[in-house]
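Asks: Here it is, the structure, as structure tokens.
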Amino acid sequence: MHPPPLPAVLVFAGTDPTGGAGLQADILTLSSLGCHPLSVVTAVTVQDTVGVDDYLPIDPEWIADQARGVLEDMPVAAIKVGMIGSVEAVAAIAEVVSDYPDIPLVLDPVLTSGRGDPLASDELLDALRDLLLPQTTVLTPNSMEARRLAEDLDEETDDPDLDECATRLLDMGCEYVLITGAHEQGAQVSNTLYNDQGVVQRLEWDRLPGSYHGSGCTLASAVAALLALGQDMEAAVREAQEYTYQTLKNAYRPGMGQFIPDRLYWVRGDDED
Ligand code: PXL
Numbered sequence: 009m010h011p012p013p014l015p016a017v018l019v020f021a022g023t024d025p026t027g028g029a030g031l032q033a034d035i036l037t038l039s040s041l042g043c044h045p046l047s048v049v050t051a052v053t054v055q056d057t058v059g060v061d062d063y064l065p066i067d068p069e070w071i072a073d074q075a076r077g078v079l080e081d082m083p084v085a086a087i088k089v090g091m092i093g094s095v096e097a098v099a100a101i102a103e104v105v106s107d108y109p110d111i112p113l114v115l116d117p118v119l120t121s122g123r124g125d126p127l128a129s130d131e132l133l134d135a136l137r138d139l140l141l142p143q144t145t146v147l148t149p150n151s152m153e154a155r156r157l158a159e160d161l162d163e164e165t166d167d168p169d170l171d172e173c174a175t176r177l178l179d180m181g182c183e184y185v186l187i188t189g190a191h192e193q194g195a196q197v198s199n200t201l202y203n204d205q206g207v208v209q210r211l212e213w214d215r216l217p218g219s220y221h222g223s224g225c226t227l228a229s230a231v232a233a234l235l236a237l238g239q240d241m242e243a244a245v246r247e248a249q250e251y252t253y254q255t256l257k258n259a260y261r262p263g264m265g266q267f268i269p270d271r272l273y274w275v276r277g278d279d280e281d
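Heads up: the sequence shown is residues 9 to 281, going by the working numbering.
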């Protein structure tokens with residue numbers, strides 16, 4: 009007898025040959041947490057652990073066809089969207105997911121690499137706001153991405169705090185926003201989950217010393233996995249942070265740049281916690 013299938017999570021993401029971020033990070037995270045990863049390539053990147061040198065966006069029709077193939081073949085328990093690569097691809101993904109409104113959608117707005125290399129144009133941001141945020145169950149920006157997505161370009165002196173950014177992003181139509189605080193100052197990192205009632209959950213974490221490649225992808229994929237496994241949003245966001253924190257504590261530095269989270273840290277079995 010075969011076991012029943014694992015809950016399937018469909019990921020739209022760019023590839024990362026280092027294995028640190030992007031599709032490879034998503035596949036490792038979903039597998040580690042007991043889900044079956046379905047992977048749609050949106051872009052191919054050229055990068056090392058220091059930064060992204062270039063990327064090739066995949067034809068939007070190819071993105072839609074990859075996704076429709078698996079969505080029509082099997083039940084999908086959650087969808088996660090990471091790097092998208094072109095405005096046309098945002099539109100293609102938005103159209104595909106609009107046919108599946110009951111599947112929770114985790115949107116990680118990948119706007120730059122860890123080094124700050126641009127991975128999204130202003131036009132792509134507009135398309136995200138208009139086409140994907142209204143279909144998003146939980147948006148997972150870091151504080152810099154939250155400010156950039158929420159800023160009002162008509163207001164020259166606009167400088168919203170993170171609570172105000174969350175309000176604006178919720179007004180654009182997503183159900184929850186999880187803003188991560190690793191880029192803010194302080195000994196603690198504060199990650200806050202909001203919905204239209206305000207702050208739902210704020211968790212504080214000791215700041216870890218390294219610079220990590222793929223922490224945001226790991227967190228967003230973990231949220232998608234835990235939603236797929238049937239957890240409610242608060243529990244999924246809490247457990248996803250606990251998992252991500254362990255992957256960062258166990259991160260290693262395979263190259264000359266950033267540390268890479270160990271999504272399979274528990275296989276090693278030598279962590280004291
Ligand atoms: O960590 C964000 C990210 C997501 N996806 C891809 C990336 C990066 C950062 O470099 O390369 C493909």
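Just so it is clear, CB atoms sit at the ideal spot from N, CA and C, and this is done for glycine as well.
1. So what's ILE71 in DSSP terms, helix, strand or just coil?
2. Is DSSP giving GLN32 helix, strand or coil here?
3. Measuring straight from C-alpha to C-alpha, what distance separates ALA102 and ALA51?
4. Which of helix, strand or coil does DSSP assign to GLY124?
5. What is the C-beta distance between LEU115 and LEU79, in whole angstroms, given that I count them as a contact (C-beta under 8 Å)?
6. Whose CA, out of GLN193, TYR273, ARG156 and GLY28, lies closest to the CA of GLN266?
7. For the ligand PXL, I want to know if THR37 counts as a neighbour, meaning its beta carbon is within less than 7 Å of at least one of the ligand's heavy atoms.
8. Quick check on the DSSP output: the alpha helix (DSSP H) that includes ARG246 runs from which residue to which?
9. Measure the alpha-carbon distance for GLN143 versus ILE66 and round it to whole angstroms.
10. Between the alpha carbons of ASP125 and GLY30, how many angstroms are there, rounded?
11. Just to confirm, is the Cβ distance from VAL89 to GLU131 under 8 Å?
12. Specify, as a first and last residue, the run of the beta strand (DSSP E) that ARG261 falls within.
13. Return yes when the C-beta of SER121 is under 7 Å from any heavy atom of the ligand PXL, and no when it is not.
14. Could you have a look at ILE66 and say whether DSSP puts it in helix, strand or coil?
15. Check whether the region 219-234 and the region 31-38 touch, using three or more Cβ-Cβ pairs below 8 Å as the test.
16. Under the three-state reduction of DSSP, which class applies to ALA86: helix, strand or coil?
17. Select from THR145, ARG176, ALA248 and ASP134 the residue whose C-alpha is nearest the C-alpha of SER106.
18. Determine which residues share a DSSP beta bridge with GLY206 and list them.
19. What is the DSSP secondary structure of GLY277, reduced to helix, strand or coil?
20. Between MET180 and the rest of its own chain, which residues show a CB-CB distance below 6 Å, the 5 nearest in sequence each way excluded?
21. Check whether the Cβ atoms of LEU133 and VAL60 sit closer than 8 Å, and answer yes or no.
22. Nearest by alpha-carbon distance to ALA21: which of ASP56, LEU14, GLN74 and ARG176 is it?
23. Going by Cα to Cα distance, which pick from ALA85, SER39, SER121 and ALA100 is closest to ASP24?
24. On a Cα-Cα basis, can you pick out the residue from VAL104, PRO109, PRO149 and TYR108 that is closest to PRO117?
25. Which same chain residues, not among the five before or five after GLU242, have their C-beta less than 8 Å away from its C-beta?
26. In whole angstroms, give me the CA-to-CA distance for VAL49 and ASN203.
Replies: Concretely, from the data shown:
1. Taking the sequence shown and counting its residues from 1, one reaches residue 71 at position 63. Helix, per DSSP.
2. Reading the sequence shown from its first residue, position 24 is the one you call residue 32. Helix at GLN32.
3. Residue numbering aside, residue 102 sits at position 94 when the sequence shown is read from its first letter. Residue numbering aside, residue 51 sits at position 43 when the sequence shown is read from its first letter. Each residue's alpha carbon lies about 16 Å from the other.
4. By 1-based counting over the sequence shown, the position of residue 124 is 116. If DSSP states are grouped into helix, strand and coil, GLY124 belongs with coil.
5. On the sequence shown, residue 115 is found 107 positions in, with the first residue counted as 1. On the sequence shown, residue 79 is found 71 positions in, with the first residue counted as 1. Not confirmed; about 17 Å, so no contact.
6. Numbered from 1 along the sequence shown, position 258 holds the residue referred to as residue 266. Out of GLN193, TYR273, ARG156 and GLY28, GLY28 has the C-alpha closest to the C-alpha of GLN266.
7. Start at 1 with the first residue of the sequence shown, and residue 37 comes out as number 29. Because no heavy atom of the ligand PXL lies under 7 Å away, the Cβ of THR37 does not count as near it: no.
8. As a first step, residue 246 is located in the sequence shown; it is residue number 238 there, counting from the start. It spans 241-257 - the alpha helix (DSSP H) in which ARG246 sits, taken as one unbroken run.
9. Residue numbering aside, residue 143 sits at position 135 when the sequence shown is read from its first letter. Residue numbering aside, residue 66 sits at position 58 when the sequence shown is read from its first letter. So the two alpha carbons sit approximately 22 Å from each other.
10. Locating residue 125 in the sequence shown gives position 117, counting from the first residue. Locating residue 30 in the sequence shown gives position 22, counting from the first residue. Cα to Cα, the separation comes out at about 14 Å.
11. Numbered from its first residue, the sequence shown carries residue 89 at position 81. Numbered from its first residue, the sequence shown carries residue 131 at position 123. Not closer than 8 Å, so no.
12. For this step, residue 261 is matched to residue 253 along the sequence shown. Counting along the chain, ARG261 falls outside any beta strand (DSSP E), and DSSP gives it neither H nor E.
13. In the sequence shown, counting from the first residue as 1, residue 121 sits at position 113. Yes.
14. Looking up residue 66 in the sequence shown gives position 58. Coil.
15. yes
16. Sequence index remark: in the sequence shown, residue 86 carries index 78 (1-based). Strand.
17. Stepping through the sequence shown from its first residue, residue 106 is reached at position 98. Taking only the C-alpha atoms, the option nearest SER106 is THR145.
18. As a first step, residue 206 must be located in the sequence shown, where it is residue number 198. Answer by DSSP bridge pairing, in chain order: ASN203.
19. Residue mapping note: residue 277 aligns to position 269 of the sequence shown, counting from 1. Coil.
20. Reading the sequence shown from its first residue, position 172 is the one you call residue 180. Counting only Cβ-Cβ distances below 6 Å, and skipping sequence neighbours, we find ARG137 and LEU141.
21. As a working mapping, residue 133 is identified with position 125 in the sequence shown. As a working mapping, residue 60 is identified with position 52 in the sequence shown. No; because the gap between Cβ atoms is not below 8 Å, this pair is not in contact.
22. Numbered from its first residue, the sequence shown carries residue 21 at position 13. Ranking ASP56, LEU14, GLN74 and ARG176 by Cα distance to ALA21 puts GLN74 first.
23. For this step, residue 24 is matched to residue 16 along the sequence shown. That would be SER121, whose Cα lies nearest to the Cα of ASP24.
24. In the sequence shown, counting from the first residue as 1, residue 117 sits at position 109. The candidate whose alpha carbon is nearest that of PRO117 is PRO149.
25. In the sequence shown, the residue the question calls residue 242 occupies position 234. Within the same chain, GLU242 has close Cβ partners LEU201, VAL208 and GLN209.
26. As a position in the sequence shown, residue 49 is number 41, starting the count at 1. As a position in the sequence shown, residue 203 is number 195, starting the count at 1. Roughly 30 Å separates the two Cα atoms.
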